[in-house]
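Here's the structure, in structure tokens; my notes come after.
2 protein chains.
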Amino acid sequence: MKKNTSAQKLEKMGKDLVKEIEQNKNPSLEIPVRSLSNTIFDKKQNILTLGNNTSKRHFFNISHIKKFVQTIEAAATAKELVEVQKHLSLREVYYRIKRTLPGTNIDLVDQQEDSNKAIEDLELITSLSREQLHINANKMGSVAGNVVVKDKGDLVNWAKLGSGGWSIPSNVEEIEFKSVDAEFVIYMEKAAEWERLHEDKVWKRLNCIIMSSQGQSTRGVRRLLQRLNVEHKLPVYVLTDFDPWGFYIYSVLKFGSISLAHISDRLTIPNARFLGLTGDDIENFDLKKHIIKFKEVDAKRLKDMGKYDWFKDHKEWKRQFQLMKQINGKVELAALSSKGISFISDEYIPEKIKKKDWII
Amino acid sequence: MKKNTSAQKLEKMGKDLVKEIEQNKNPSLEIPVRSLSNTIFDKKQNILTLGNNTSKRHFFNISHIKKFVQTIEAAATAKELVEVQKHLSLREVYYRIKRTLPGTNIDLVDQQEDSNKAIEDLELITSLSREQLHINANKMGSVAGNVVVKDKGDLVNWAKLGSGGWSIPSNVEEIEFKSVDAEFVIYMEKAAEWERLHEDKVWKRLNCIIMSSQGQSTRGVRRLLQRLNVEHKLPVYVLTDFDPWGFYIYSVLKFGSISLAHISDRLTIPNARFLGLTGDDIENFDLKKHIIKFKEVDAKRLKDMGKYDWFKDHKEWKRQFQLMKQINGKVELAALSSKGISFISDEYIPEKIKKKDWII
Numbered sequence: 583m584k585k586n587t588s589a590q591k592l593e594k595m596g597k598d599l600v601k602e603i604e605q606n607k608n609p610s611l612e613i614p615v616r617s618l619s620n621t622i623f624d625k626k627q628n629i630l631t632l633g634n635n636t637s638k639r640h641f642f643n644i645s646h647i648k649k650f651v652q653t654i655e656a657a658a659t660a661k662e663l664v665e666v667q668k669h670l671s672l673r674e675v676y677y678r679i680k681r682t683l684p685g686t687n688i689d690l691v692d693q694q695e696d697s698n699k700a701i702e703d704l705e706l707i708t709s710l711s712r713e714q715l716h717i718n719a720n721k722m723g724s725v726a727g728n729v730v731v732k733d734k735g736d737l738v739n740w741a742k743l744g745s746g747g748w749s750i751p752s753n754v755e756e757i758e759f760k761s762v763d764a765e766f767v768i769y770m771e772k773a774a775e776w777e778r779l780h781e782d783k784v785w786k787r788l789n790c791i792i793m794s795s796q797g798q799s800t801r802g803v804r805r806l807l808q809r810l811n812v813e814h815k816l817p818v819y820v821l822t823d824f825d826p827w828g829f830y831i832y833s834v835l836k837f838g839s840i841s842l843a844h845i846s847d848r849l850t851i852p853n854a855r856f857l858g859l860t861g862d863d864i865e866n867f868d869l870k871k872h873i874i875k876f877k878e879v880d881a882k883r884l885k886d887m888g889k890y891d892w893f894k895d896h897k898e899w900k901r902q903f904q905l906m907k908q909i910n911g912k913v914e915l916a917a918l919s920s921k922g923i924s925f926i927s928d929e930y931i932p933e934k935i936k937k938k939d940w941i942i
Numbered sequence: 583m584k585k586n587t588s589a590q591k592l593e594k595m596g597k598d599l600v601k602e603i604e605q606n607k608n609p610s611l612e613i614p615v616r617s618l619s620n621t622i623f624d625k626k627q628n629i630l631t632l633g634n635n636t637s638k639r640h641f642f643n644i645s646h647i648k649k650f651v652q653t654i655e656a657a658a659t660a661k662e663l664v665e666v667q668k669h670l671s672l673r674e675v676y677y678r679i680k681r682t683l684p685g686t687n688i689d690l691v692d693q694q695e696d697s698n699k700a701i702e703d704l705e706l707i708t709s710l711s712r713e714q715l716h717i718n719a720n721k722m723g724s725v726a727g728n729v730v731v732k733d734k735g736d737l738v739n740w741a742k743l744g745s746g747g748w749s750i751p752s753n754v755e756e757i758e759f760k761s762v763d764a765e766f767v768i769y770m771e772k773a774a775e776w777e778r779l780h781e782d783k784v785w786k787r788l789n790c791i792i793m794s795s796q797g798q799s800t801r802g803v804r805r806l807l808q809r810l811n812v813e814h815k816l817p818v819y820v821l822t823d824f825d826p827w828g829f830y831i832y833s834v835l836k837f838g839s840i841s842l843a844h845i846s847d848r849l850t851i852p853n854a855r856f857l858g859l860t861g862d863d864i865e866n867f868d869l870k871k872h873i874i875k876f877k878e879v880d881a882k883r884l885k886d887m888g889k890y891d892w893f894k895d896h897k898e899w900k901r902q903f904q905l906m907k908q909i910n911g912k913v914e915l916a917a918l919s920s921k922g923i924s925f926i927s928d929e930y931i932p933e934k935i936k937k938k939d940w941i942i
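Protein chains in written order, with this note's numbering: chain A, 583 to 942; chain B, 583 to 942.
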């Protein structure tokens, strides 16, 4: 079904162009504008989305033609991938598209940036995500919990994978959930925390799913979290360090990002809950001695993020930004180990969830 | 068994100290010196190892005492971990050890560097690896193939894990191989290549195991590769970009690194084979147009690595270094996609292995 939908949409794009050519029109593509000015924070949906501005790109236009051809070339590559049921990474697509036009010294793409942009345009034109176009992002992250998925013909039980867990694919579009026996998902930024929680059997004891990537979450991880949230109504708890980068990881998961605003509906989790660390935890759990003083770059990042629409008008977030500014430093989740090897699993997480002590 | 061995060795260390105290001696620890001057390239074993120089550290010595106590503290933490059968990351151990000594303003450790060094000393004193001391490194990487392992009571079949594969734990010491039906292992530096090979079912078609981390391989990945190589006699093929960083990844896997020379015997694979990319591949597969010019840092790296003992006296490697210097640039594995979506799986890898076209 998915194959057909993607193939059909790509074919329609081609047929529309052929029609214009047959009618002796200047072939054109209409593309929503991706820019800060056309990115809006949709307060109702609570996500970043694209506005209604579009621009038209023509074949017979000296300043349009290169991008026009790059987009067509990206579409041809995606169609090939969808048809043969294979996937390539962004980098590999760049190499597939890259070539010198015959009889000229013009390269179709000069750098990966060109093919990346062409692929983003293609997403906008076809309303298909990169994953649906069979172009993969980075692969990273692990997951464990009482969940069975069907993927490429295999039944994979996330509860039976030893200390490693399931390695999350870059593309989770075709994964089928066969059974999901869990009440919520805990997502954490660090693989070390994931191993802590996994060794302590947190997913078994709290009947939940634990998931991590490393640092900023990959698209595969975001989409998997979102599918569990939307298709299985599981609340998603986000566990990060108390620092601007942790807040940003939460922000991207929940509200989306400017560069991916056009697919917010496939990637964001508007009801995601921030479980910590918070400024209050530092007080309550006596973590002050573990404060790591801000470098200039951290303080600047905090200041910049304080201006985000969804933080600056939010009473509780404003307080957290204030607290962080006051201590002028960060505290890591790992610092909870000072309270006990399994303190995070035995006390921190269960207590905070029980007391509904999260920020939404 | 392992638990006992680790616990016993840590206990012996403590008992030796108690004996010195009872004999009114100055308590001391004898530690092999980790420095470039005490790191030697063992040409017989083909790995980097530590020489015989040791240094003695005393409790009653103003310049020794801090490090002495840090090492004892690391030993106490490791003993606790081994006894409760739990694991912590380096960062978490740092927080466990960190505290202000009562009645003073002296912190036992000032930064993670201190506890890291103490743990390395502990490895040397006890001849136990960090993993055996239950202190984990980073978790990263995926694996697939006809292998069944037993881990934490679960039987994990690497052939039945969908598009994701098994997520490699940071610590693979306790994994038991139940069945290994494979002729060799292909290790690659990039997760995107791994997904390419996995989608193309290379492990099934060539009866092998495919494994990747991301960039420099983690200790978990290195140890897993080494165990497959030593315990199951599987040749390990290394697949990297044609650039100094790719060569370095191979170099660390095969010969070890200076900072980890003391556990080379647990991490290195002296018979690892470099499958490519090579300078000859660039010629043979017409990849010249995909050369990415060196930045200064790349050229410098190449020059520095050309001085390594195991490269500078090796005829074939000398040639490869020459070829790279001549083109003054690098070529990525991903560039093979320009020859066909699955060119790397269908032609490049099988052909090179068939022709024994690797560097050893």
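Ideal placement from N, C-alpha and C gives every residue a C-beta, glycine not left out.
Item to complete: Put Thr587/B into one of helix, strand or coil per three-state DSSP.
Response: helix
Worksheet entry | Inter-stretch contact at 8 Å, needing at least 3 Cβ pairs: the segment 793 to 801 of chain A / the segment 714 to 734 of chain A | yes
Worksheet item: By the criterion of Cβ-Cβ separation under 7 Å, what are the contact partners of Tyr677/A in chain B?
Response: His872, Ala916, Ala917, Ser919 and Ser920
Discussion item. Suppose only complete runs of 3+ residues qualify. What are the beta strand (DSSP E) ranges in the segment 862 to 936 of chain A, listed by chain order?
Written reply: none
Worksheet item: What whole-angstrom Cβ distance do Phe867/A and Lys921/A have, given they're in contact under 8 Å?
Response: 6 Å
Practice prompt. For the beta strand (DSSP E) containing Pro614/A, list its first residue and its last residue.
Written response: Ser610 to Pro614
Worksheet item: Can you give the Cα-Cα distance for His640/B and Ile701/B, rounded to whole angstroms?
Response: 17 Å
Worksheet item: Using a beta-carbon distance cut-off of less than 8 Å, what residues from the segment 760 to 777 of chain B approach chain A?
Response: Ala773, Ala774, Trp776 and Glu777
Worksheet item: Can you find a C-beta in chain A that's less than 7 Å from the C-beta of Ile926/B?
Response: no
Worksheet item: For the 8 Å Cβ check, are there 3 or more pairs between the segment 658 to 675 of chain B and the segment 631 to 646 of chain B?
Response: no
Worksheet item: From Arg883/B to Leu857/B, what distance separates their C-alpha atoms?
Response: 21 Å
Item to complete: Would you mind sorting Gln902/B into buried or exposed? The rule is 16 or more other CB atoms within 10 Å of its CB.
Response: buried
Worksheet item: So which residues on chain A does Val738/B lean against when the C-beta distance must stay under 9 Å?
Response: Lys742, Leu743, Gly744 and Gly746
Worksheet item: Using a beta-carbon distance below 7 Å, is Met583/B in contact with chain A?
Response: Confidence is the limiting factor: at Met583/B the pLDDT is only 42, short of 50, which leaves the residue's position unreliable and the question unanswerable from this model.
Practice prompt. Verify the CB distance criterion: does Arg639/A have a CB-CB separation below 7 Å to chain B?
Written response: no
Worksheet entry | Runs of alpha helix (DSSP H) lying entirely within the segment 607 to 680 of chain B, each at least 4 residues, in chain order | 647 to 666 and 672 to 679
Fill in: Environment of Ser927/A [buried if 16+ CB atoms lie within 10 Å]
buried
Item to complete: For chain A, find out if any of its Cβ atoms is closer than 7 Å to the Cβ of Pro684/B; answer yes or no.
Response: no
Worksheet item: How is the beta strand (DSSP E) around Arg855/A delimited, first residue to last?
Response: Arg855 to Gly858
Discussion item. Please report whether the beta-carbon of Pro932/B lies at a distance below 7 Å from any beta-carbon of chain A.
Written reply: no
Item to complete: With DSSP collapsed to three states, give me the class of Lys938/A.
Response: coil
Worksheet item: Excluding the five sequence neighbours on either side, which residues of its own chain have a C-beta within less than 8 Å of the C-beta of Asn789/A, listed in chain order?
Response: Asn728, Asp763, Ala764 and Glu765
Item to complete: Would you identify the three-state DSSP class for Glu765/B, choosing helix, strand or coil?
Response: coil
Worksheet item: Taking the runs of the alpha helix (DSSP H) that are 4 residues or longer, which of them lie wholly in the segment 712 to 765 of chain B?
Response: none
Worksheet item: Helix, strand or coil: which one does DSSP assign to Ser794/A?
Response: strand
Fill in: Inter-stretch contact at 8 Å, needing at least 3 Cβ pairs: the segment 725 to 744 of chain A / the segment 608 to 621 of chain A
no
Discussion item. According to DSSP, Met770/A sits in a beta bridge with which residue or residues?
Written reply: Ser794/A and Leu821/A
Worksheet item: Where does Asp598/A sit, in a helix, a strand or coil, going by DSSP?
Response: helix
Worksheet item: If you pair each beta-carbon of the segment 804 to 814 of chain A with each one of the segment 596 to 610 of chain B, do three or more pairs fall below 8 Å?
Response: no
Fill in: Own chain residues within Cβ distance below 7 Å of Thr659/B, not counting five before or after
Val675, Arg678 and Ile679
Discussion item. With three or more C-beta pairs closer than 8 Å as the rule, is the segment 693 to 709 of chain A touching the segment 705 to 714 of chain B?
Written reply: no
Worksheet item: Which term fits Asp895/B, buried or exposed, when burial requires 16 or more other beta carbons within 10 angstroms of its beta carbon?
Response: exposed
Discussion item. Quick check: what's the CA-CA separation for Phe893/A versus Ile864/A?
Written reply: 20 Å
Discussion item. Suppose the cutoff is 7 Å on Cβ atoms and the five residues either side in sequence are ignored; what does the same chain contact list for Lys601/A look like?
Written reply: none
Fill in: Close-in-space but distant-in-sequence residues of the same chain around Phe650/A (CB under 6 Å, 5 per side omitted)
Arg639 and Phe641
Discussion item. If you follow the alpha helix (DSSP H) that Lys783/B is in, where does it begin and where does it stop?
Written reply: Taken as a continuous stretch (DSSP letters only), Lys783/B belongs to no alpha helix (DSSP H), as it is neither H nor E.
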